[in-house]
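In UniProt numbering, the protein residues as written are 1 to 184.
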């Protein structure tokens, strides 16, 4: 059994791509689970803890998407290829997900700033609050929520395509390239 290289190859995704992918998947799952729990359960202590990490995790995700995008572009010619007919559709879907992963936290930052509150990330103040602008804060809050749920739908589609289309129907080892070791 061969070991996984740090960089991507035409046969599988390397360690760094996998680390970015699964770390971001876990953090995004945490974000969505916290917001769903807040809607369903209310302000239980465990929900308050999850929601209390929302800004910090969102800021981490924004940094990770920039690093992941840079790494992906650096490895673009080495990545496993997609089906010829689906290349443009896959590229569009990936681009849309990446754009939303950047836009959603930027809207959150703008909403936070327009509410006049400082941005605290894991207890450290990274940005002071702006002049309170209620209209802008409300508008960006609405867009933050709608764009986040749009991202959630795209992520659900991404998972369904990976599991159902590639895993169960086509059985083309696409999911295996991101999950298991080569030749496993």
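Built from N, CA and C at the ideal position, the CB exists for glycine as well.
It should be emphasised that the depicted structure is a prediction, and the values quoted were computed from it without experimental measurement.
> Hey, would you say residue 104 sits closer than 8 Å to residue 158, going by beta carbons?
Replying inline: no
> Counting pairs of beta carbons, one from the segment 20 to 27 and one from the segment 55 to 62, are three or more of them closer than 8 Å?
Replying inline: yes
>> As an exercise, report each continuous alpha helix (DSSP H) stretch of at least 4 residues that is fully enclosed by the segment 7 to 92, in chain order.
In response: 15 to 41, 45 to 52 and 54 to 74
> Where do the ends of the beta strand (DSSP E) carrying residue 154 lie?
Replying inline: Note, residue 154: premise wrong, no beta strand (DSSP E); alpha helix (DSSP H) at 134 to 160.
> Is the beta carbon of residue 110 sitting closer than 8 Å to the one on residue 150?
Replying inline: no
> Going by the beta-carbon positions, is the gap between residue 64 and residue 23 smaller than 8 Å?
Replying inline: yes
>> Which same chain residues end up closer than 8 Å to residue 53 when comparing Cβ atoms and leaving out the 5 residues on each side of it in sequence?
In response: 30 and 34
> Where does residue 13 land, buried or exposed, given buried means 16+ other C-beta within 10 angstroms?
Replying inline: buried
> What's the gap between the Cα of residue 41 and the Cα of residue 116?
Replying inline: 28 Å
>> At the level of alpha carbons, what is the spacing between residue 130 and residue 138?
In response: 14 Å
> What whole-angstrom Cβ distance do residue 78 and residue 7 have, given they're in contact under 8 Å?
Replying inline: 6 Å
> To which residues does DSSP link residue 127 through a beta bridge?
Replying inline: 119
> With residue 80 and residue 10 assumed to form a contact (beta carbons below 8 Å), what rounded beta-carbon distance in angstroms separates them?
Replying inline: 6 Å
> Taking 8 Å as the CB-CB cut-off, is residue 140 touching chain C?
Replying inline: Looking for chain C here will not work: only one protein chain is present.
> If you compare alpha carbons, which of 118, 125 and 123 is closest to residue 132?
Replying inline: 118
> Going by the beta-carbon positions, is the gap between residue 93 and residue 154 smaller than 8 Å?
Replying inline: yes
> Starting from residue 179 and walking both ways along the alpha helix (DSSP H), at which residues does that stretch end?
Replying inline: 176 to 179
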